[in-house]
Amino acid sequence: MSGHTPAPARTGTVGAFGRAEEALLRFCRLGDKRTGGSGDAAVGAWIEEDLSRLGFRVARETFTTTWSQESTASLAWAGGAVPLVGHPASPAGKVVGPMVRQAAEAMAPGSAGAIAVLDLPHARWSSARDSRIQDCVRSAADRGAEAVVLVTHGPSGLAVPLNTGLVGDDFTVPVAVLSPREAVSLPTKDGAEATFHVVRDDAPREVFNVVGRLDRGAGRTLILSTPRSGWSICAGERGSGLAAWLLLVEEVARSVAGVDILAISTTAHELGYAGMGVHLSGEPTPVDRAALWVHIGANAATRDWREVPGGLTPLPSADPQRFLAVSASLLPAARAAFAGSPGLEVPHDVYQGAGGELGDIAAAGYGPVVGVFGAHRFHHTEADDLSCVSPDLSVDLADRMLQLIRSALSRAD
């Protein structure tokens, strides 16, 4: 990242390029961020240290989730095999039968006992609870499929692991994901006997949210939240927003008066946003004492790319496939704060669509609320690494969000 030129500082800047760069490098060095893994725990401990340094009273909200470790995930046939990514909220197991491939939207009759390979339409896939995925898997199972392989066509060309629901299995049959790049090697004719095999060890594991409180006796609270867990390194999905969140937390603690501050780092994002559910079902800030809730969600400040013959080249601008959702009363201030920011320059009412934890926050009755969420090119893939982020994008997001926070709080005074 050292080759990037920092963007010109905005009025009221909250952090230097170097601090954001350090946060992104540290986040990436901590490796895989799946809930309950060593990376997730290490980021949580780091956040605890930072909040304590700033004078926050820090506590953990602990709960139990399921840790899934695959030892085998493959689809094999005479003369070939491809690796799969098993979906953790579906049965594991071994299925032998004819392999039938078709577009996910097709409703052609299937073969009893078949392994259905379904080509999903081109999209930035994220969740197994997406109705398009639910419908096509259910249809395949109803037509006799005993296992389903989803080919996740999208801008990355890679396998896209899917977030799960909050409780229970998402599917009644074994389901796994296949990279479009690997799918080109599948037999061209239907009916070849194949073996779908997923071996997975599921075990309970204790995980934790981090909650920091800065009590000033103000009687109203500014809440800043962000998830920290995700698939693989998730530099863009999680790291870009975490870097901005850390800058914001430090700056509001230093310069935003008249409010108490609550900083929340949740885990289990990819498991039905379970961490936020635990917080909201515990002892959250009463709705009538929340001055403003700001949520920095997925892919908040990731890099855009230019497609050229033979590959991709990075651009200094942000991937515009991101959204700014706010309470209706904040729409004018949000437009002013995020003018010219790719994707975020067109904010919408939070009740017209909110992704991830933000939807749960709004549904719990909080308002006013502000949230950023999206899906960048390498969302949920093994390629979501340091190449997907740039410190100046995280700084710019934090600067603009600080402007909006100050505007929102001044309206409430």
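Quick note: the sequence shown uses my numbering, first residue 2, plus one each step.
We put the beta carbon where it would ideally sit given N, CA and C, even for glycine.
In this text, all values refer to a predicted model and were calculated from it rather than measured experimentally.
Look at the alpha carbon of residue i and the alpha carbon of residue j, and state the distance between them as a whole number of angstroms.
| i | j | result |
| --- | --- | --- |
| VAL178 | VAL161 | 7 angstroms |
| VAL212 | SER233 | 24 angstroms |
| CYS389 | PRO315 | 8 angstroms |
| SER3 | PHE18 | Because SER3 carries a pLDDT of 40, less than 50, the predicted location of this residue cannot be relied on, and no value is offered for it. |
| GLY114 | VAL101 | 10 angstroms |
| PRO348 | GLU284 | 30 angstroms |
| ASP400 | VAL279 | 30 angstroms |
| SER256 | ALA292 | 16 angstroms |
| GLY430 | THR66 | The question about residue 430 has no answer here: the residues shown for the chain are numbered 2 through 414. |
| HIS296 | PHE374 | 9 angstroms |
| PRO59 | GLY45 | A quick correction: the sequence has Val, not Pro, at residue 59. VAL59 and GLY45: Cα-Cα distance of roughly 11 angstroms. |
| LEU410 | ALA329 | 15 angstroms |
| GLY312 | TRP306 | 10 angstroms |
| PRO333 | ARG144 | 51 angstroms |
Let me check understanding here. Comparing Cα to Cα, which of the options lies closest to residue i?
| i | options | result |
| --- | --- | --- |
| SER266 | SER318, VAL390, ARG61, GLY32 | ARG61 |
| GLY273 | HIS123, ASP289, ALA90 | ALA90 |
| ASP51 | PRO181, ALA264, PHE374, GLY354 | ALA264 |
| ASN300 | HIS123, VAL96, GLY357 | GLY357 |
| MET277 | GLY259, LEU249, VAL250, ALA364 | ALA364 |
| GLU194 | PRO317, GLY80, VAL288 | GLY80 |
| SER206 | PHE64, VAL371, PRO369, ASP350 | It is Arg, not Ser, that sits at residue 206 in the sequence shown. Minimum Cα distance to ARG206 is reached at PHE64. |
Quick check on the DSSP output: the alpha helix (DSSP H) that includes residue i runs from which residue to which?
| i | result |
| --- | --- |
| GLN282 | It is Ser, not Gln, that sits at residue 282 in the sequence shown. Unbroken alpha helix (DSSP H) run through SER282: 275 to 282. |
| ARG255 | 241 to 256 |
Compute the distance between the beta-carbons of residue i and residue j, then report whether it is under 7 angstroms.
| i | j | result |
| --- | --- | --- |
| ASP261 | THR227 | no |
| ALA105 | LEU121 | yes |
| ALA21 | PRO321 | no |
| LEU247 | ALA24 | yes |
| ALA302 | LEU394 | yes |
| ALA148 | PHE209 | no |
| ILE116 | GLY94 | no |
| ARG378 | SER157 | yes |
| HIS88 | VAL176 | yes |
| ALA142 | THR165 | no |
| VAL200 | THR73 | yes |
| HIS380 | GLU238 | yes |
State the start and end residues of the unbroken beta strand (DSSP E) segment that holds residue i.
| i | result |
| --- | --- |
| GLY94 | 94 to 104 |
| ASP120 | 116 to 120 |
| ASP261 | 261 to 267 |
| GLU346 | Run containing GLU346: none; DSSP gives neither H nor E here. |
| TRP416 | As shown, the chain starts at 2 and ends at 414. That puts residue 416 outside it, with no answer to give. |
Review point. What are the uninterrupted segments assigned as beta strand (DSSP E) that are 3 or more residues long and contained completely in the stretch 358 to 384, given in chain order?
Key: For the stretch 358 to 384, the continuous beta strand (DSSP E) assignments of 3+ residues that do not extend past its boundaries occur at 370 to 375, in sequence order.
**Study point:** Within the stretch 287 to 333, ranges of the beta strand (DSSP E) (whole runs, at least 3 residues)
**Key:** 291 to 297, 304 to 309, 312 to 319, 323 to 327
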